[in-house]
Amino acid sequence: MEGRVSRLSGCPELLLMSFAMRYLLLFVFAGLATVSAPVAWAQDEGANPPAATDRLADTNPLLAPPETPEQEFSVVLLMVDLGRLDLARQYLDKFMAGQPSNDLLLALRGKHGSAAFLKLSQTKELQPASQDLVVQLGKAAKEQAANPEFVGKLLDQLNGSPQQRDLAIVELRNLGPIVVASMLQRMQSTKDSGEQDLLTFALVKMGGMTIDPLRAGLSLPQESVRTRVIDVLGYLRADQAVLDLYGIAFGQKSSPPEKTAALRALGRILYNQPDRADRLSDVVALNALEQRTRDYLSGHGPLSLMNDGQVSVWVYDSADNLVGERQLAPALASAYFAARTARLALGISPDRPQTQQLYLTSYLAYETVLGNPAGQTASMLRSMSPELLSAVLTEALKVGQPGPAVRVIDALADQHSELALQVAGGVQSPLKNALSYPDERVRFAAATAILQLAPKNFEAFSHQIAQILTRSLSTGTEPKAIVIDADETRSAATVGYLADLGFESIRVETGQQGFKEAAASSQCALVVIHVNVARWELSQTLANFRADARTAALPILLYGPESVRSAVTRQLTQYPPILFVAESSTLDGFDSQTREFLARYAPASLTPQERAEMRGDALAWLADLSRPESAVKVDLSSAQAPLLSLVDDAQLGPLAQRAVLSIGTRDVQSRLAEVAANNNLPENVRLSAVRNLLAHVQRFGWAMTATDEKKLFASLNDTPDGSLADAIAALQGSRTTTTNGNSVKLQKFPLPELPAMKP
Numbered sequence: 051m052e053g054r055v056s057r058l059s060g061c062p063e064l065l066l067m068s069f070a071m072r073y074l075l076l077f078v079f080a081g082l083a084t085v086s087a088p089v090a091w092a093q094d095e096g097a098n099p100p101a102a103t104d105r106l107a108d109t110n111p112l113l114a115p116p117e118t119p120e121q122e123f124s125v126v127l128l129m130v131d132l133g134r135l136d137l138a139r140q141y142l143d144k145f146m147a148g149q150p151s152n153d154l155l156l157a158l159r160g161k162h163g164s165a166a167f168l169k170l171s172q173t174k175e176l177q178p179a180s181q182d183l184v185v186q187l188g189k190a191a192k193e194q195a196a197n198p199e200f201v202g203k204l205l206d207q208l209n210g211s212p213q214q215r216d217l218a219i220v221e222l223r224n225l226g227p228i229v230v231a232s233m234l235q236r237m238q239s240t241k242d243s244g245e246q247d248l249l250t251f252a253l254v255k256m257g258g259m260t261i262d263p264l265r266a267g268l269s270l271p272q273e274s275v276r277t278r279v280i281d282v283l284g285y286l287r288a289d290q291a292v293l294d295l296y297g298i299a300f301g302q303k304s305s306p307p308e309k310t311a312a313l314r315a316l317g318r319i320l321y322n323q324p325d326r327a328d329r330l331s332d333v334v335a336l337n338a339l340e341q342r343t344r345d346y347l348s349g350h351g352p353l354s355l356m357n358d359g360q361v362s363v364w365v366y367d368s369a370d371n372l373v374g375e376r377q378l379a380p381a382l383a384s385a386y387f388a389a390r391t392a393r394l395a396l397g398i399s400p401d402r403p404q405t406q407q408l409y410l411t412s413y414l415a416y417e418t419v420l421g422n423p424a425g426q427t428a429s430m431l432r433s434m435s436p437e438l439l440s441a442v443l444t445e446a447l448k449v450g451q452p453g454p455a456v457r458v459i460d461a462l463a464d465q466h467s468e469l470a471l472q473v474a475g476g477v478q479s480p481l482k483n484a485l486s487y488p489d490e491r492v493r494f495a496a497a498t499a500i501l502q503l504a505p506k507n508f509e510a511f512s513h514q515i516a517q518i519l520t521r522s523l524s525t526g527t528e529p530k531a532i533v534i535d536a537d538e539t540r541s542a543a544t545v546g547y548l549a550d551l552g553f554e555s556i557r558v559e560t561g562q563q564g565f566k567e568a569a570a571s572s573q574c575a576l577v578v579i580h581v582n583v584a585r586w587e588l589s590q591t592l593a594n595f596r597a598d599a600r601t602a603a604l605p606i607l608l609y610g611p612e613s614v615r616s617a618v619t620r621q622l623t624q625y626p627p628i629l630f631v632a633e634s635s636t637l638d639g640f641d642s643q644t645r646e647f648l649a650r651y652a653p654a655s656l657t658p659q660e661r662a663e664m665r666g667d668a669l670a671w672l673a674d675l676s677r678p679e680s681a682v683k684v685d686l687s688s689a690q691a692p693l694l695s696l697v698d699d700a701q702l703g704p705l706a707q708r709a710v711l712s713i714g715t716r717d718v719q720s721r722l723a724e725v726a727a728n729n730n731l732p733e734n735v736r737l738s739a740v741r742n743l744l745a746h747v748q749r750f751g752w753a754m755t756a757t758d759e760k761k762l763f764a765s766l767n768d769t770p771d772g773s774l775a776d777a778i779a780a781l782q783g784s785r786t787t788t789t790n791g792n793s794v795k796l797q798k799f800p801l802p803e804l805p806a807m808k809p
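One rule links them: number in the numbering used here = place in the sequence shown (from 1) + 50.
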């Protein structure tokens, strides 16, 4: 007995297993063998018995190895039930190495059920082999379900005896949701009401797997089929379909039979009584639809993620008159569901302002995620009332949708409407709010829109606009993350994780330093704070970030030991958007915790083309604002350094030179003189610098140093005759202030010789 316990010590669950139990397992295994078909793995007749070395280890509860793929799969399930995951993995690897055929996988699913495969795929110790198995089974099932001849025979079998019908329903259920498309197609094509009844019955018996395809079937063209689909959803108690049914029950364009069926289905789902839908109203329906739309827009709507991170979405394809499954990225799926849900609300109350703004917001979000050019919706947006556009801008900023916000801001600017700048009911104007939005595209669009509108109270916006234009002059395209952590080793690991996720990080040690960096950076997209932050402590650091318009909406990651999660609960609710991340020693651990949050709140980096266009537009606006006759006045002194760094740029130099004309400092004149005297620069850049220097001198007086002046005028000696030489000479002439200076110059021009006398 002691020896046996010692041999089983590696498996605590089997320590108490008697020899009788081992023989029982052998008996079960023998039973499995009798129902398994012979395969290539079976031993040839007359073969020698396996050698002793081929027998399983003593810790294995089986007394003999499986001889067929069917037996191996059964043993895998048995080992999982017994808690012997090491042996389950061994048998699963051997099973997969045998390259099981599609027919075998489908037969095993018919015998053990889909739940058995799902259980294996969710067992971490069996991954990735178990997940590969499920993927292969899914492909096999889809191939079978896509075979019209095979599916057609099953559907015909529904008209057979009760036993045949029951077997057909089991087979249809095994094929998965994809077969619902064929059933709905048959339901549309047949005129036999009896056959339609059988199909309806089968859909109900197949259970919840049919719900998502049926929801897509609510868009089928035949009213009678749609009504049957509604009935099935009611019988299935399909909670997922409640919002769809709200849209039908109270939609203005729904037919009376559909409305009646939808109310009956809602009664079954919500109250378990088909005649109790009298408790419902269009107000209840609208509130539910609008809230779900906002949930999807803000990234909190329910999604069923698959193993690959994609979302399964069932839609109706009007071209083929079929329902089908699409695999969408979570962001696209959320935008699609938001637009679909908002459309249902619009069908109930098309004239309600809140419904209109939600639908237009979700429509633009869907267009943006699809990647459709803004020009496709520009004309439509310009035709909308400024009241609606302002409401959409407010909604887009509230739910974190930068794409729709930019498109609406452009439309408001095209309309030359100041409505979006008005304060209503004590609520700040949406364009003013947009100036502080964390996405640089939104901030820039808002700033340029306000410049175009040139409102009477422009002074209230001028400081922020100057900052936005200045920060847009930067050249980088990667979003920046500010990492606030005094521990160098720990913060270095975090910076490494962020680099792998596409962020360029700036590491600082204190909360105060982090705030200053974030407020000054044009591309700060994320703040990462360790919970033990110092100088300011955590609450003060978070409060300062949220109190300043430049950082108020930045997403924040708090990280620290898992043990402090509960201690920062208040901060997580008080300063959104914010997320706690438990410290991790691997990128996967960090990424798995932050992926969804960053995808939702961290703005995408600008492309090089977007950055170049933004810099060019910012320079053009700064140059326009520098004109003495500009309609709006902006203090551009904070832009001096980035502008002076661009005045010698071959392409942007002339614009940058004009942009500094309103900054009356010595540094501006010295830098322009340096560019004008540099014979290594293109002549057009030097000529522009001389002319702008002259304009600056005329506006603010001569301010450059004597050394800079001497170098500038000395360059005239090496400048060939032409426009540049003439411009430098004109500048030099404007500097002449004494009769002595004039005398020196006049001495250089002796009296010309007379022309030769004619003979």
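Even glycine gets a Cβ: it sits at the ideal position worked out from N, Cα and C.
Note that the structure is a prediction, hence the values are computed from the model and not measured.
Item                                                                                                             : Value
Expected contact under 8 Å - CB spacing of Val-442 and Thr-411 to nearest Å                                      : 5 Å
Gln-748 burial status per 10 Å Cβ neighbour count (16 or more: buried)                                           : exposed
Cutoff 8 Å: Ala-496 Cβ touching any chain C Cβ                                                                   : In the structure shown, chain C does not exist; there is a single protein chain.
Buried or exposed by the 16-neighbour rule on C-beta atoms within 10 Å, applied to Ala-756                       : exposed
Reduced DSSP category for Trp-671 - H, G, I as helix; E, B as strand; rest coil                                  : helix
Stretch-stretch touch, CB-based, cutoff 8 Å, three pairs: the segment 315-326 with the segment 339-357           : no
Residue interval of the alpha helix (DSSP H) (run including Phe-553)                                             : Segment: none, Phe-553 is in no alpha helix (DSSP H) and carries neither H nor E.
DSSP beta-bridge partners of Gln-377                                                                             : Ser-362
Beta-bridge partners of Val-533, as assigned by DSSP                                                             : Arg-557, Val-578
Ile-280: first and last residue of the uninterrupted alpha helix (DSSP H) it sits in                             : 273-285
From Asp-699, Lys-161, Asn-152, Ala-165, residue whose alpha carbon lies closest to that of Gln-121              : Lys-161
Per-residue DSSP class, three states only, for Val-682                                                           : coil
Pro-658, buried or exposed, once every other Cβ within 10 Å from all chains shown has been counted against 16    : exposed
Touch test, the segment 298-305 against the segment 394-403, Cβ-Cβ under 8 Å, three pairs minimum                : yes
Nearest neighbour of Arg-708, chosen from Asp-717, Val-697, Ser-486, Ser-274 [CA to CA]                          : Val-697
Other residues of its chain near Ala-101: CB distance less than 6 Å, five sequence neighbours each side excluded : Because the pLDDT of Ala-101 is 41, which lies under 50, any placement of that residue in the model is unreliable, and the question is left without a value.
Selected residue, minimal CA-CA separation from Phe-640, among Ala-597, Ala-662, Gly-546, Ser-239                : Gly-546
Cβ-Cβ distance between Ala-381 and Tyr-413 below 8 Å                                                             : no
For Asn-507 and Asn-483, the rounded distance between their alpha carbons                                        : 16 Å
Three-state class that DSSP yields for Leu-208 in the structure shown                                            : coil
C-alpha gap between Gly-783 and Leu-722, whole angstroms                                                         : 17 Å
Beta-carbon proximity list for Thr-636, same chain, < 7 Å, skipping 5 on both sides                              : none
Cβ-based neighbour list, Arg-265, same chain, cut-off 6 Å, excluding 5 preceding and 5 following                 : Ala-291, Asp-294
Rounded separation between Asp-460 and Leu-675 - CA only                                                         : 20 Å
Cβ neighbours of Lys-808 in the same chain (closer than 6 Å, five flanking residues each side left out)          : none
Arg-600 to Thr-715 span [Cα, whole Å]                                                                            : 27 Å
Assigned secondary structure, Gly-751 (DSSP; H/G/I helix, E/B strand, else coil)                                 : coil
Every unbroken alpha helix (DSSP H) inside the segment 391-427 [4 residues or more]                              : 403-420
Reduced DSSP category for Ile-628 - H, G, I as helix; E, B as strand; rest coil                                  : strand
Identity of the residues DSSP links to Asp-367 by a beta bridge                                                  : Leu-372
As assigned by DSSP and simplified to three states, the class of Phe-167                                         : helix
His-466, buried or exposed, once every other Cβ within 10 Å from all chains shown has been counted against 16    : exposed
Backbone CA spacing between Glu-308 and Asp-332 [nearest angstrom]                                               : 15 Å
Closest by C-alpha distance to Val-458, when choosing among Glu-417, Ala-632, Ala-649                            : Glu-417
Option in Ala-288, Ala-727, Ser-738, His-746 with minimal Cα separation from Asp-758                             : Ala-727
beta-carbon Arg-134 near the ligand SAM non-hydrogen atom, thresh 7 Å                                            : This structure simply doesn't include the ligand SAM, nor any ligand for that matter.
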